[in-house]
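A short write-up of the structure that comes next.
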Amino acid sequence: MPSAPSRSLETFPNPQPERDYTIRIRVPEFTCLCPKTGQPDFAELTLEYIPEARCVELKALKNYVWSYRDEGAFHEAVTNRILGDLVAATEPRFMRLTADFNVRGGIYTTVVAEHRAADWQPQPQVQLP
Numbered sequence: 014m015p016s017a018p019s020r021s022l023e024t025f026p027n028p029q030p031e032r033d034y035t036i037r038i039r040v041p042e043f044t045c046l047c048p049k050t051g052q053p054d055f056a057e058l059t060l061e062y063i064p065e066a067r068c069v070e071l072k073a074l075k076n077y078v079w080s081y082r083d084e085g086a087f088h089e090a091v092t093n094r095i096l097g098d099l100v101a102a103t104e105p106r107f108m109r110l111t112a113d114f115n116v117r118g119g120i121y122t123t124v125v126a127e128h129r130a131a132d133w134q135p136q137p138q139v140q141l142p
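In this text, residue positions in the sequence shown follow the numbering used here: the first is 14, and each later residue adds one.
What follows is the structure, encoded as structure tokens:
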């Protein structure tokens, strides 16, 4: 059965819930439409998160991102909407979504949105010699 765009975000159990670890996912081909002109907007999304009980399944994420292809959206709105949907699906300890949009009208836009679970504190950063 071929893939199709979908707003459904499938998850799976975190294989190491007792440990803080970072998952980084790069999505270099995000597309949506400019809500003013209808022209395509292209961006690279970078998702970074520390899972709690659930991780996002990558094929479901691919189909989810694809679902924005024909939708008009301001950069700020679509970045925050995607983050909100991912947080709702996975309930992570921490999640950051960076949307780095290509140039439009001579202007580059990068939107960074974050979520932190209320009871989560990051581990101290380790500096190696």
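Even for Gly, the Cβ is constructed at its ideal location relative to N, Cα and C. Since the structure is predicted, the reported quantities are computational estimates derived from the model, not experimental observations.
{"query": "Are the Cβ atoms of residue 38 and residue 107 separated by less than 8 Å?", "result": "no"}
{"query": "Taking 8 Å as the CB-CB cut-off, is residue 97 touching chain D?", "result": "Absent from the structure: chain D. Only one protein chain is present."}
{"query": "In angstroms with no decimal places, state the Cα-to-Cα distance between residue 125 and residue 139.", "result": "24 Å"}
{"query": "Residue range of the alpha helix (DSSP H) that residue 40 falls in?", "result": "Per DSSP, residue 40 belongs to no alpha helix (DSSP H); it is in the beta strand (DSSP E), 36-46."}
{"query": "Could you compute how far the alpha carbon of residue 16 sits from the alpha carbon of residue 136?", "result": "39 Å"}
{"query": "Shorter than 7 Å, the distance from the beta carbon of residue 29 to the closest heavy atom of the ligand GDP, or not?", "result": "Looking at this structure, you won't find the ligand GDP or any other ligand, since it has none at all."}
{"query": "Measuring alpha carbon to alpha carbon, tell me which of 134, 22, 131 and 48 ends up nearest residue 76.", "result": "22"}
{"query": "So residue 41 and residue 61 are supposed to be a Cβ contact under 8 Å. How far apart are they, rounded?", "result": "Not confirmed; about 15 Å, so no contact."}
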